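Here the sequence shown stands for residues 128 to 271, where the numbers follow the numbering used here. Okay, so here's the structure we're looking at.
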Amino acid sequence: MIGRLSLSFLALFLMVGLVGCICMPTRVTEAPLSPQEEERLAATLASVGTWHVVGFEDRRGNPDDDPMGDLIYHFEADGTGYYDQDVMGVSGRNDFDWELEGANLQLHMQRGSRTSTFRVDEFDENGMRWFNYLDSGYFLLEPR
Numbered sequence: 128m129i130g131r132l133s134l135s136f137l138a139l140f141l142m143v144g145l146v147g148c149i150c151m152p153t154r155v156t157e158a159p160l161s162p163q164e165e166e167r168l169a170a171t172l173a174s175v176g177t178w179h180v181v182g183f184e185d186r187r188g189n190p191d192d193d194p195m196g197d198l199i200y201h202f203e204a205d206g207t208g209y210y211d212q213d214v215m216g217v218s219g220r221n222d223f224d225w226e227l228e229g230a231n232l233q234l235h236m237q238r239g240s241r242t243s244t245f246r247v248d249e250f251d252e253n254g255m256r257w258f259n260y261l262d263s264g265y266f267l268l269e270p271r
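Given below as structure tokens:
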């Protein structure tokens, strides 16, 4: 009886640990770009200006068939911007200041003190693929 109880607690402990690992954010790491590539990324963000999230992928790159909602990001050349959201019943505009540290795009929210960091893995004027450190998945974006 005691052996079974111990095994049950061990199994529960392992399951909780595995679920915790799956849901944990990825630690933000350096994502170096050459100065020319970082400049090209900044120009691409600002010259297109408006980027619409058209899809999501999990950390392995598999399509996420359960979209969160509608997200549209707006970038200005002066390092300001905002995103419009209609996600899970929450709608609104959120202003931010943005900067690049290599391929890491940091959005410093003007409301509160939160910073969202994405790693821009692919980019050109036709689309982008951002790794979201918070949920360890990908945003797929197109110009709007």
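The C-beta atom is built at its ideal place from N, Cα and C for all residues, glycine as well. Please read these numbers as outputs of a predicted model, since none were measured by experiment.
Problem set entry | Any 3 or more C-beta pairs closer than 8 Å across the stretch 157 to 168 and the stretch 227 to 234 | Using a C-beta cut-off of 8 Å, the stretch 157 to 168 makes contact with the stretch 227 to 234, since at least three inter-stretch Cβ pairs fall below that distance.
For this session: In the DSSP assignment, find the alpha helix (DSSP H) that holds P162 and state where it starts and stops.
Result: In the DSSP assignment, P162 falls within the alpha helix (DSSP H) that extends over P162 to V175.
Exercise. How long is the line joining the alpha carbons of R238 and N189, rounded to whole angstroms?
Worked result: If you take the alpha carbons of R238 and N189, they lie about 33 Å apart.
Problem set entry | Nonlocal neighbours in the same chain, by C-beta distance under 7 Å from A169, ignoring five residues either side | Excluding sequence neighbours, A169 sits near L227.
Problem set entry | Alpha-carbon spacing of Q212 relative to G182, whole angstroms | About 14 Å.
Problem set entry | Member of D205, D224, D222 and L172 whose CA lies at the smallest distance from the CA of F250 | Answer by Cα proximity: L172.
Exercise. Does DSSP classify Q237 as helix, strand or coil?
Worked result: Reduced to three states, the DSSP call for Q237 is coil.
Exercise. Mind checking whether Y209 and H179 have CB atoms under 9 Å apart?
Worked result: Result no, Cβ atoms of Y209 and H179 do not sit closer than 9 Å.
Problem set entry | Integer-rounded CB distance, given that Y260 should sit under 8 Å from R241 | Contact annotation, R241 with Y260: C-beta distance approximately 13 Å; criterion of less than 8 Å not satisfied.
Exercise. For V175, is the classification buried or exposed, using 16 other Cβ atoms within 10 angstroms of its Cβ as the cut-off for buried?
Worked result: It is buried - the Cβ of V175 has at least 16 other Cβ atoms within 10 Å.
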